[in-house]
Amino acid sequence: MPTASSPQFSDARSHQLAFVANPVAGHGRARAIIDDLALASGAAGLSGPIHVSRYPGHATALARQSVESGATLVVAVGGDGTAGEVAEALVGTDATMGIIAAGGGNDLARVFGLSPLRSGPLALAQNLRELVEADRKS
Numbered sequence: 001m002p003t004a005s006s007p008q009f010s011d012a013r014s015h016q017l018a019f020v021a022n023p024v025a026g027h028g029r030a031r032a033i034i035d036d037l038a039l040a041s042g043a044a045g046l047s048g049p050i051h052v053s054r055y056p057g058h059a060t061a062l063a064r065q066s067v068e069s070g071a072t073l074v075v076a077v078g079g080d081g082t083a084g085e086v087a088e089a090l091v092g093t094d095a096t097m098g099i100i101a102a103g104g105g106n107d108l109a110r111v112f113g114l115s116p117l118r119s120g121p122l123a124l125a126q127n128l129r130e131l132v133e134a135d136r137k138s
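Next up, the structure:
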């Protein structure tokens, strides 16, 4: 499984991408997505570190560190709690937040009208491409 020490790469299209993932979100559903992220991001032509949160508040610290390291797009992988922690870290920065809804209820994703996550690495790659394209348009 990727760790916080995974190498960071700059996306060729001028994005610095970082993932902040909660492996216990969605009763373990997020863990399967984390395992697919490296393959999916490569298939999407993207790369960046996958930071795995270990305790409450850790996702905030990881997202903050990602921005301080140059991330311009920070993707929360988990449920509403993970998304909230990542959002807290990005307040007052120029970074964009993405959400891969992998929690139990995913209320926040539903409020924002995000589509349900398609499963599998190739579908996840398409989701990542759409996320970066939406960020470019904003």
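Going left to right, the sequence shown walks through residues 1 to 138 as the working numbering numbers them. Using N, Cα and C, we set each Cβ at its ideal position, and we do this for glycine too.
Are there 16 or more other CB atoms within 10 angstroms of the CB of residue i, so buried, or fewer, so exposed?
{"i": "leucine 124", "result": "buried"}
{"i": "histidine 51", "result": "buried"}
{"i": "leucine 17", "result": "buried"}
{"i": "methionine 1", "result": "Bear in mind that the predicted position of methionine 1 carries a pLDDT of just 40, short of 50, making it unreliable; the figure below should be weighed with that in mind. Exposed, by the Cβ-count rule."}
{"i": "alanine 134", "result": "exposed"}
{"i": "proline 56", "result": "exposed"}
{"i": "valine 111", "result": "exposed"}
{"i": "glycine 98", "result": "buried"}
{"i": "aspartate 107", "result": "exposed"}
{"i": "serine 53", "result": "buried"}
With C-beta atoms as the reference, is residue i less than 9 angstroms away from residue j?
{"i": "valine 91", "j": "valine 20", "result": "no"}
{"i": "alanine 61", "j": "alanine 83", "result": "no"}
{"i": "glycine 104", "j": "histidine 27", "result": "yes"}
{"i": "glycine 45", "j": "arginine 129", "result": "yes"}
{"i": "valine 86", "j": "alanine 109", "result": "no"}
{"i": "proline 23", "j": "isoleucine 34", "result": "yes"}
Looking at the unbroken alpha helix (DSSP H) that takes in residue i, where does it start and where does it end?
{"i": "threonine 216", "result": "Because residue 216 is not part of the residues shown, which for the chain are 1 to 138, the question remains open."}
{"i": "valine 67", "result": "58 to 68"}
{"i": "alanine 40", "result": "29 to 43"}
Looking at the strands, I want to know which residues DSSP matches up with residue i.
{"i": "glycine 78", "result": "Ala101"}
{"i": "leucine 73", "result": "Leu17 and Thr96"}
Between which two residues does the beta strand (DSSP E) holding residue i run?
{"i": "histidine 51", "result": "50 to 52"}
Using only CA atoms, which one of the options lies nearest to residue i?
{"i": "arginine 31", "options": "Gly78, Leu46, Gly113 and Ala89", "result": "Gly78"}
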